[in-house]
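Residue numbers for the sequence shown follow UniProt numbering, so the first one is 1 and each next one is one higher.
Don't be surprised by glycine CBs; every beta carbon is placed ideally from N, CA and C.
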Amino acid sequence: MASEQMAENVGRTEDGGESAPPPARPLDAIDQDILRMLQADGRASIRSVAERVHVSRANAYARINRLVEDGVIRGFGARVDHERAGHGTSAYITLTIVQNSWRTVREQLRRLPGASHIALVGGDFDVLLLVHTPDNRALREVVFTRIQAIPEVLSTRTLLVFEEEDLEPQG
């Protein structure tokens with residue numbers, strides 16, 4: 001689908017670097033309804049989206065493409081049960097990093113096996129990282145060998161996840 005390619009290219013320059021996102025356009029009630037539908041079922045057909053939000057298929061298609069082009073929709077994917085997919089150990093890892101090293105650290109964290117969410121935060125630490133690994137041995141490798149080897153990382157704390165649940169979008 002062309003919109004999937006557009007979603008991959010939003011925020012990137014031709015040389016692969018980051019660019020500023022386009023200015024945000026206001027979202028109306030129909031746009032919000034479309035977002036809720038696609039969050040619940042990213043595989044919904046244009047026809048079903050159009051019927052549910054009471055617009056033509058052409059209008060629904062144009063709106064979805066605009067949401068992709070504007071960077072509101074960043075992509076389409078599957079919600080995965082990590083344990084059933086062979087990643088039975090999950091952990092949040094907090095990192096304290098050298099001041100002004102966020103971009104460098106972020107690029108290295110993106111390449112970690114099992115990294116699924118990275119956030120720059122305020123508070124007692126600087127970065128919050130969610131990882132999914134096959135087991136504790138693999139988690140130990142990620143933390144002690146990979147993350148703590150990053151020169152800009154001053155300290156880490158690992159919070160083992162005992163149980164997790166992705167929340168469904170509220171309609």
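Does the Cβ of residue i have 16 or more other Cβ atoms within 10 Å, making it buried, or fewer, making it exposed?
i: Thr145; result: exposed
i: Arg63; result: buried
i: Ala58; result: exposed
i: Leu67; result: buried
i: Gln132; result: The sequence shown places His at residue 132, rather than the Gln named in the question. Buried: at least 16 other Cβ atoms inside 10 Å.
i: Ala115; result: buried
i: residue 191; result: The first residue shown for the chain is 1 and the last is 171, placing residue 191 beyond what the model contains.
For residue i and residue j, what's the separation of their Cα atoms in angstroms?
i: Ala138; j: His87; result: 10 Å
i: Val153; j: Leu167; result: 31 Å
i: Ala44; j: Met37; result: 8 Å
i: Gln148; j: Val127; result: 13 Å
i: Thr156; j: Asp81; result: 26 Å
i: Leu130; j: Ala78; result: 17 Å
i: Ser48; j: Ala85; result: 30 Å
i: Ser90; j: Trp102; result: 23 Å
i: Leu160; j: Asp41; result: 30 Å
i: Ile97; j: Gly123; result: 12 Å
i: Glu163; j: Leu95; result: 22 Å
i: Glu83; j: Phe76; result: 21 Å
i: Glu51; j: Pro23; result: 29 Å
i: residue 177; j: Glu107; result: This structure cannot speak to residue 177, because the chain is shown only from 1 to 171.
May I ask which residues mark the beginning and end of the alpha helix (DSSP H) holding residue i?
i: Val143; result: First-last for Val143: undefined, no H or E at that position.
i: Leu27; result: It is not in any alpha helix (DSSP H) - Leu27 carries neither H nor E in the DSSP assignment.
i: Leu109; result: 102-110
Kindly give me the distance between the Cβ atoms of residue i and residue j, rounded to whole angstroms, as I take these residues to be in contact under 8 Å.
i: Leu112; j: Val72; result: The Cβ separation is near 27 Å, so there is no contact.
i: Ile150; j: Val105; result: 6 Å
i: Val55; j: Ile93; result: Not a contact, Cβ separation roughly 44 Å.
i: Arg110; j: Asp70; result: So it is not a contact: roughly 23 Å between Cβ atoms.
i: Asp33; j: Val53; result: 5 Å
Tell me, please, which residues DSSP counts as bridged to residue i.
i: His132; result: Ser90
i: His54; result: BP columns for His54 are empty, so no partner.
i: Val127; result: Leu95, Leu120
Kindly indicate the opening and closing residues of the beta strand (DSSP E) around residue i.
i: Arg157; result: 153-161
i: Leu120; result: 115-120
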